[in-house]
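Remarks on the structure that follows.
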Amino acid sequence: MKNPWKVIVMLLLVLMMGITGCGGGMSRDHGTPQGKTPQDDMNIPFRQESLQQLPVEVKKRWEEIQATGKPTGVAVHANERTYVIAALGMRPTGGYRIEIQRIHRLGHTVVVYAKEQAPPPGSLVTQVITYPVTVVSIPLQTDVTFQFRIKTARPPAQM
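Anchor point for the sequence shown: position 106 equals 106 in UniProt numbering, and the numbering is continuous, going up by one each time.
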């Protein structure tokens, strides 16, 4: 070995490249894996929709969901938007509602996170069976699969 400093410097460079992860996997501009766009992993902004102002085809689908009385989630495309309908199914009294908390796109899957809001224990509620439903809209999402993750409230303790 004529120059041990060259060997030491080369070993240090190799060690530093190994520690810092030089060479890839992440793009510098978005922090996403190479080959993916920011649209592949993002939260999607949404807006609450009034049932009175829904497009005709969305209102028709909402009525079909109400008629079945079953818990479900669907996406309907209309007027350059995607309308997301989430339904809890039958509830024993008034005071229940469903709230969309977050909508997240990961690749070709859009996940809708919703949560049931139950009436507080001991509160006065209407004694009628209800079918809570909510509708939000998001920018048009085509060629994706929708998944619904609805967190239900615990039933109140029986006396």
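Where is the CB? At the ideal position from N, CA and C, for every residue including glycine.
Exposure label - residue i; buried when at least 16 CB within 10 Å
i	result
residue 47	exposed
residue 82	buried
residue 86	buried
residue 75	buried
residue 88	buried
residue 71	buried
residue 31	Because the pLDDT of residue 31 is 39, which lies under 50, any placement of that residue in the model is unreliable, and the number read from its coordinates should be weighed accordingly. Exposed is the call here.
Distance between residue j and residue i (C-alpha atoms, nearest Å)
i	j	result
residue 54	residue 138	13 angstroms
residue 141	residue 147	13 angstroms
residue 151	residue 126	23 angstroms
residue 113	residue 102	5 angstroms
residue 98	residue 61	17 angstroms
residue 116	residue 50	19 angstroms
residue 40	residue 111	12 angstroms
residue 22	residue 3	In this prediction, residue 22 scores a pLDDT of 45, lower than 50, which makes its location untrustworthy; no coordinate-derived value is stated.
residue 91	residue 129	6 angstroms
residue 100	residue 44	12 angstroms
residue 52	residue 104	26 angstroms
Reference residue i, options the options, closest by Cα
i	options	result
residue 42	119, 106, 120	106
residue 124	95, 78, 142, 79	95
residue 93	74, 60, 118	118
residue 56	115, 110, 77	77
residue 145	49, 59, 80, 84	84
residue 121	153, 44, 100	153
residue 143	104, 80, 52, 108	108
residue 79	128, 129, 70, 59	59
Range covered by the beta strand (DSSP E) that runs through residue i
i	result
residue 126	Segment: none, residue 126 is in no beta strand (DSSP E) and carries neither H nor E.
residue 66	Looking at the DSSP string, residue 66 is not in any beta strand (DSSP E); the run it does join, the alpha helix (DSSP H), is 56-68.
residue 42	41-43
residue 153	Here residue 153 belongs to no beta strand (DSSP E), and DSSP marks it neither H nor E.
Does the pairing of the region 127-145 with the region 63-73 give three or more beta-carbon distances under 8 angstroms? By the criterion of at least three beta-carbon pairs nearer than 8 angstroms, the region 127-145 is in contact with the region 63-73.
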